[in-house]
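Using the working numbering, the first residue of the sequence shown is number 340, and each one after it goes up by one.
The C-beta atom is built at its ideal place from N, Cα and C for all residues, glycine as well.
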Amino acid sequence: MLAKLRYCLLSAAIWGSLVGFLGSPAIAASEQPIRPGEQEKAERLIRQFCSFLRSQNAFTVEADITYDNVLSGGQKVQYAAFQKVILVRPDRLRVEYTGDQRRTLFVYDGKSFLWLNTAKNLYLARPTASTVDAMVPALSEELGIELPLSNLVTGEPCRKASENIVSAYYVGEGFVGRTLADHILVIGKDRTWQLWLNKEKEFEPVPLKIVITYSDLPEAPQYTAVFSNWNFNPQITDKDFSTTPPEGALRIEALPTVSKP
């Protein structure tokens with residue numbers, strides 16, 4: 340039976356065969372001591388990214404997601420999803436999620452939200468808090484809804500993660516696809532994050548990739564998101580935030596357990 344993973348901050352397998360292929364030099368490099376200044380540089384880059392994202396009034400972004408579920412025997416099964424986010428601060432949000440395990444649409448207009456299972460044409464709609472910052476925790480506390488990567492849309496995108504951080508280190512320059520990035524390792528109390536922040540656009544230090552390893556869970560499952568098409572001047576219409584359910588959709592009063600994000 341598959342163990343359900345809840346999606347948080349920011350939540351893909353690291354291929355063990357690659358370690359053997361690359362050989363011992365890669366392993367030796369991982370054992371080198373952290374050089375002076377690496378933690379300070381990592382913390383500075385994280386602050387820049389958080390400050391930049393917090394200062395944006397609106398943006399759109401897409402993410403290709405992979406994540407592990409763990410079987411009762413300890414084997415990992417990897418699933419994939421695609422997510423598109425449209426945010427207008429302080430009170431509008433749209434999240435489209437298409438994945439192996441579910442297909443959903445979430446829309447928030449500052450007064451109420453619509454959660455729609457697009458595969459089964461089921462929807463949940465309710466009044467809620469008047470800002471994105473208040474709405475996100477309210478959904479979690481009242482309905483158990485955790486929006487994937489919801490930290491990125493709040494006014495304090497790094498607050499929840501920072502509460503769990505033990506240390507952070509600058510790994511070096513790396514690539515996400517063909518884009519040069521700053522690679523950062525963040526060690527938490529019960530999980531680790533790897534961040535790749537855009538290095539090519541000096542004034543847009545956005546994440547290009549995030550890998551979360553849940554070290555507190557059996558078999559240390561991973562969650563990976565690769566971001567693309569960041570747009571901080573998006574063309575948005577009121578229709579994008581309509582909470583009117585589609586014709587013929589069936590209303591439900593609570594999310595089925597298997598369908599919760």
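Secondary structure of residue 512 (DSSP, three-state): strand. By the criterion of at least three beta-carbon pairs nearer than 8 Å, the stretch 406 to 425 is in contact with the stretch 433 to 445. For residue 383, the uninterrupted alpha helix (DSSP H) run begins and ends at 377 to 393, by DSSP. If you draw a 10 Å sphere on the C-beta of residue 496, you find 16 or more other C-beta atoms in it, and that means buried.
A Cβ-Cβ contact shorter than 8 Å links residue 580 with residue 446. In this structure, residue 461 keeps its C-beta atom at 8 Å or more from the C-beta atom of residue 582. The C-beta separation of residue 468 from residue 458 comes to about 28 Å, leaving the pair out of contact by the 8 Å criterion. Residue 530 sits buried, since 16 or more C-beta atoms from the chains shown fall within 10 Å of its C-beta. Around the beta carbon of residue 431, 16 or more other beta carbons sit within 10 angstroms, so the residue counts as buried.
Exclusion of the five residues before and after residue 392 leaves 496 as the residues of its chain whose Cβ lies within less than 6 Å of its Cβ. Less than 8 Å separates the beta-carbon of residue 544 from that of residue 384. Per DSSP, residue 435 lies in no alpha helix (DSSP H); the unbroken beta strand (DSSP E) holding it starts and ends at 431 to 438. Contact annotation: residue 548 and residue 535 have beta-carbon atoms nearer than 8 Å.
When the five nearest sequence neighbours on each side are left out, the beta carbons in the same chain lying within less than 6 Å of the beta carbon of residue 524 are those of 508, 510, 533, in order along the chain.
Annotation note: the stretch 442 to 491 contains the following uninterrupted alpha helix (DSSP H) runs of length 4 or greater, listed N- to C-terminal: 471 to 482.
A straight line joining the alpha-carbon of residue 379 with that of residue 388 spans about 14 Å. In its chain, beyond the 5 residues on either side, 422, 564, 566 have a beta carbon closer than 6 Å to the beta carbon of residue 402. In terms of Cβ geometry, residue 451 and residue 465 form a close pair [threshold 8 Å].
Per DSSP, reduced to three states, the secondary structure at residue 498 is helical. DSSP places residue 553 outside any beta strand (DSSP E), giving it a letter other than H or E.
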